[in-house]
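Notes follow the structure.
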Amino acid sequence: MTDTALMLHWPRGLDATRFLQRYWQKEPLLVRGAFPGFRDVLSRSRLAALASRDDVESRLVSHGLARGVDRYRVAHGPLDRQQLARLDRPDATILVQGVNLHVPGVRPVLDAFGFIPLARRDDLMISDASPGGGVGPHVDSYDVFLLQARGRRLWRIARTFDETLVEGAPLKQLAHFEAEDEFLLEPGDFLYLPPGVAHDGVALDACATWSIGFRAPSAGELLQGWLSFVEDRFDCGDRYADPDLQVQRSGAWLSDQFVQRARGLLGSVAFDEAMFESFLGEYLTEPKPHVRFRAPSRPQSIDAFAARLQRRRIVLAPATAMLYRGRCVYMNGEVRPLPLRAMGSAARLADRRELIPAARIDAAWIEALYDWYCSGYLVLR
Ligand code: SIN
Ligand code: CO
24 MTDTALMLHW PRGLDATRFL QRYWQKEPLL VRGAFPGFRD VLSRSRLAAL
74 ASRDDVESRL VSHGLARGVD RYRVAHGPLD RQQLARLDRP DATILVQGVN
124 LHVPGVRPVL DAFGFIPLAR RDDLMISDAS PGGGVGPHVD SYDVFLLQAR
174 GRRLWRIART FDETLVEGAP LKQLAHFEAE DEFLLEPGDF LYLPPGVAHD
224 GVALDACATW SIGFRAPSAG ELLQGWLSFV EDRFDCGDRY ADPDLQVQRS
274 GAWLSDQFVQ RARGLLGSVA FDEAMFESFL GEYLTEPKPH VRFRAPSRPQ
324 SIDAFAARLQ RRRIVLAPAT AMLYRGRCVY MNGEVRPLPL RAMGSAARLA
374 DRRELIPAAR IDAAWIEALY DWYCSGYLVL R
């Protein structure tokens, strides 16, 4: 993969807008030859090297008949040489999560799906399978584009299916999957699946599949995140007090005074729109647990940094997540308010992940860039 832009070739009559209207979160779609000339440059050995790292999330899934039943085995990474050698035999697959967080060269593929907002993006997972490899029939709660990068894979899908899971299996697999449709994918083809469509992909030859995945937090996940965000910002030390307590006729009555005072204790955390926006920005850019940023060991001074900004490109670290809203920039779970005059540059950096050198740069913007540079969130090239 090169840094050059990759064009998604839609079939006749379809473009990003129509795709969103007709298919997104609604219907599966097969697009043949979406990326003509697409070349998978992430070879098996490079993927294996990623799978052996402890800062990368990976799995090895293999299966085979045991007493007449097809049994699956899962090993979680980091994978050692012996485990990786399993790929030399049939019916095995390694899956590496968050490849985009480590390999900047895969960015053009993600950018080709840039018509889906960043707040909805999750990561790029790459699976590399030997013939017969796959994770078995299952259903995901998220949208996914399954891009065939190398070799051929047969995808079988079903919109209506029996939800019973295989008991005791190490992966959530459907026990009685029956396909309604099947598609044989070749390099450059992709299959879009909305959430809730059962699917089973089996490698026909040694093959690699790139899964461009999306996030859709559940109400429960949001609530959990919101509660801990609020707790961090709210003085939880206040305690119920009633120096003016009066004798009650019935001691068991939960009085108006008690209800109002208890409510008053939480008064300052009444749902606040601006606070919720900050929460979302921080929550959505929070790095995954495996992610580590490499801060410069000997950072240059802010003056030297500012001088270099006039000659060098600013490039976000591969693992950096950046969103903006209003006058706030959210980067890797942190918020940074900026003056309005700096928001144009911030938006460009967030969208393109890089900024070309500029002769005149706003002081507040330089300070923000410098802090992010010191944290390893961006580099100068
Ligand atoms: C795979 O690439 O083997 C699995 C991807 C998926 O089913 O979501
Ligand atoms: Co899936």
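Every number in the working numbering is 23 more than the matching position in the sequence shown, counting from 1.
Think of the CB as a built atom: it goes at the ideal place given N, C-alpha and C, for glycine as much as any other residue.
For this session: Taking the CB atoms as reference points, tell me whether P217 and D295 lie closer together than 8 Å.
Result: As a working mapping, residue 217 is identified with position 194 in the sequence shown. As a working mapping, residue 295 is identified with position 272 in the sequence shown. Against a cut-off of 8 Å, the Cβ pair of D295 and P217 comes out as no contact.
Exercise. In angstroms, rounded to a whole number, what distance separates the CA positions of R179 and A221?
Worked result: As a position in the sequence shown, residue 179 is number 156, starting the count at 1. As a position in the sequence shown, residue 221 is number 198, starting the count at 1. R179 and A221: Cα-Cα distance of roughly 8 Å.
For this session: Please go through the same chain and pick out, in chain order, the residues whose beta-carbon is closer than 7 Å to the beta-carbon of K195, but skip the five residues on each side of it.
Result: The residue given as residue 195 occupies position 172 in the sequence shown. Same-chain partners within the cutoff: H161 and L188.
Exercise. What do you reckon, is the C-beta of H86 under 7 Å from a heavy atom of ligand 2?
Worked result: As a first step, residue 86 is located in the sequence shown; it is residue number 63 there, counting from the start. Flag unset: Cβ of H86 not near ligand 2.
Exercise. Does the segment 45-56 come within contact of the segment 81-90, defined as at least 3 CB pairs closer than 8 Å?
Worked result: no
For this session: Assign L303 to buried or exposed, taking buried as 16 or more other Cβ atoms, counted over all protein chains shown, within 10 Å of its Cβ.
Result: Counted from its first residue, the sequence shown places residue 303 at position 280. With 16 or more Cβ atoms within 10 Å of its Cβ, L303 is classed as buried.
Exercise. A405 and P310: beta carbons closer than 8 Å?
Worked result: Summary: the structure shown does not reach residue 405, with the chain confined to residues 24 through 404, and so no result is reported for it.
Exercise. Taking just the CA atoms, how far does A327 sit from G367?
Worked result: Here the question's residue 367 lines up with position 344 in the sequence shown. Here the question's residue 327 lines up with position 304 in the sequence shown. Those two C-alpha atoms are separated by around 24 Å.
Problem set entry | Pairwise C-alpha distance: E205 and G211 | Here residue 211 corresponds to residue number 188 of the sequence shown, with the count starting at 1. Here residue 205 corresponds to residue number 182 of the sequence shown, with the count starting at 1. Taking the straight line joining both Cα atoms gives about 17 Å.
Exercise. M354 and W395: beta carbons closer than 8 Å?
Worked result: For the purposes of this step, residue 354 is identified with residue 331 of the sequence shown, where counting begins at 1. For the purposes of this step, residue 395 is identified with residue 372 of the sequence shown, where counting begins at 1. Yes. Within cutoff.
Exercise. Hey, out of A231, A74, L124 and G128, whose CA is closest to A108's CA?
Worked result: Here the question's residue 108 lines up with position 85 in the sequence shown. That would be A74, whose Cα lies nearest to the Cα of A108.
Problem set entry | Where M24 sits in the DSSP three-state scheme | Position 1 of the sequence shown, counted from the start, is the residue given in the question as residue 24. Residue placement at M24 is poorly supported in this model, since its pLDDT is 43, which falls under 50; the coordinates are not used for a value here.
Exercise. From R96 to G159, what does the alpha carbon distance come to, in whole angstroms?
Worked result: As a first step, residue 96 is located in the sequence shown; it is residue number 73 there, counting from the start. As a first step, residue 159 is located in the sequence shown; it is residue number 136 there, counting from the start. For R96 and G159, the distance between alpha carbons rounds to 11 Å.
Exercise. Which word fits G274, buried or exposed, when buried means at least 16 other C-beta atoms lie within 10 angstroms of its C-beta?
Worked result: Residue 274 sits at position 251 when you count from the first residue of the sequence shown. With fewer than 16 Cβ atoms within 10 Å of its Cβ, G274 is classed as exposed.
Problem set entry | Residues proximal to ligand 2 by C-beta, any heavy atom closer than 6 Å | H161, D163 and H222
For this session: Quick one: measure Cβ to Cβ for P380 and R336, integer angstroms, because I've assumed they're closer than 8 Å.
Result: Here residue 380 is taken as the residue at index 357 of the sequence shown, counted from 1. Here residue 336 is taken as the residue at index 313 of the sequence shown, counted from 1. With 8 Å as the limit, P380 and R336 qualify as a contact, their Cβ atoms being about 6 Å apart.
Exercise. Quick one: is the Cβ of T308 within less than 7 Å of any heavy atom of ligand 1?
Worked result: As a position in the sequence shown, residue 308 is number 285, starting the count at 1. No, the beta carbon of T308 sits no closer than 7 Å to any heavy atom of ligand 1.
Problem set entry | G224 CB to nearest heavy atom of ligand 1 below 7 Å | Taking the first residue of the sequence shown as 1, we reach residue 224 at position 201. Answer for G224: yes, Cβ within range of ligand 1.
Exercise. Cα separation between Q247 and Y306?
Worked result: Taking the first residue of the sequence shown as position 1, residue 247 is located at position 224. Taking the first residue of the sequence shown as position 1, residue 306 is located at position 283. Computed Cα separation, rounded: 11 Å.
Exercise. From which residue to which residue does the beta strand (DSSP E) around T116 run?
Worked result: To locate residue 116, count along the sequence shown from 1; it is residue 93. Segment A115 to V119, the beta strand (DSSP E) holding T116.
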